[in-house]
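Here the structure comes first, spelled out in structure tokens, and everything after it is commentary.
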Amino acid sequence: MNSNTPYTRPQWNALNEEEQQAVDAVCAYLHGIPMPRDEQLTDSFLSTSLRLLQPADEAYIPDEENDGDLTHAIQKKFHAIYHAGITLAETSLNRQGKKPTQDFNLLLVVEMDIHDTTHVVIVDWNSPRRYLHEWTEAMDFQFADLKAIATKVLAVRNTLVKEVVNPQRIYVVVECGIFKEAHDIPRGLEVHCLDYDVEHLPPERLEISPLDG
832 MNSNTPYTRP QWNALNEEEQ QAVDAVCAYL HGIPMPRDEQ LTDSFLSTSL RLLQPADEAY
892 IPDEENDGDL THAIQKKFHA IYHAGITLAE TSLNRQGKKP TQDFNLLLVV EMDIHDTTHV
952 VIVDWNSPRR YLHEWTEAMD FQFADLKAIA TKVLAVRNTL VKEVVNPQRI YVVVECGIFK
1012 EAHDIPRGLE VHCLDYDVEH LPPERLEISP LDG
């Protein structure tokens, strides 16, 4: 691999359409535009546009990307990958009939630490649900080629789609008609057991149902 041009046109041509869309989404986040599809898509263009993600020997980012605010640059590197994954996940979910704000609300949070592990969390901003939690050393978050970039973005997308589409299960244990315990309750939620079998109860223990009165 040429250290000056780690990302090349042959690498791009070897990607399938889905992988190219993933790299496109990263480029769109970093620069506001997708990759060109003509002769402008050169080794130099690819390597310059995605330079923030390329390997840097014993450094967090390439020297050319360090504008004096190292923390911001590292944050941007993580956001580029995970925001691209969110973008593709939202597109996939929309195609499956899922509606933003109604069925999912994806919020990216990056807790960056230069000297320790950086945590990436994607949550639902409208409910106490976590869709993804990953962590890595900031210096290790780099990509040798376009295939590696696409693979990571698509892995994020697939995780998010799976978590949104598959319902979150809460298991309630009932024995002989008696509520025993509940499992896997998200933090901030309460489970209330409504027992309509009230014939055996004295009047002073009866309460109005919050569901149907």
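Be aware that the sequence shown starts at 832, since it is given in the working numbering, and climbs by one per residue.
Backbone N, C-alpha and C fix where the C-beta goes; we use that ideal spot for every residue, glycine too.
Since the structure is predicted, the reported quantities are computational estimates derived from the model, not experimental observations.
- Collapsing the DSSP output to three states places residue 949 in a strand.
- Looking at 888, 836, 1034 and 1041, the one whose alpha-carbon comes closest to that of residue 971 is 888.
- Taking C-alpha positions only, residue 1009 is separated from residue 1024 by approximately 10 Å.
- Where residue 862 is concerned, there is no enclosing beta strand (DSSP E), although the alpha helix (DSSP H) around it starts and stops at 848-862.
- In terms of CA proximity to residue 962, 936 leads the group 928, 936 and 973.
- Proximity to residue 878 across 1041, 980 and 1033 peaks at 980, based on C-alpha coordinates.
- Contact annotation, residue 1001 with residue 1022: C-beta distance approximately 7 Å; criterion of less than 8 Å satisfied.
- Fully enclosed beta strand (DSSP E) runs of no fewer than 3 residues occupy 937-942, 948-955 and 960-968 of the region 918-996, in order along the chain.
- Distances from the CA of residue 1015 to each of 1026, 1029, 1030 and 999 were compared; the closest alpha carbon is that of 999.
- The secondary-structure analysis by DSSP pairs residue 1014 across a beta bridge with 1002.
- Residue 883 has its alpha-carbon roughly 21 Å from the corresponding atom of residue 952.
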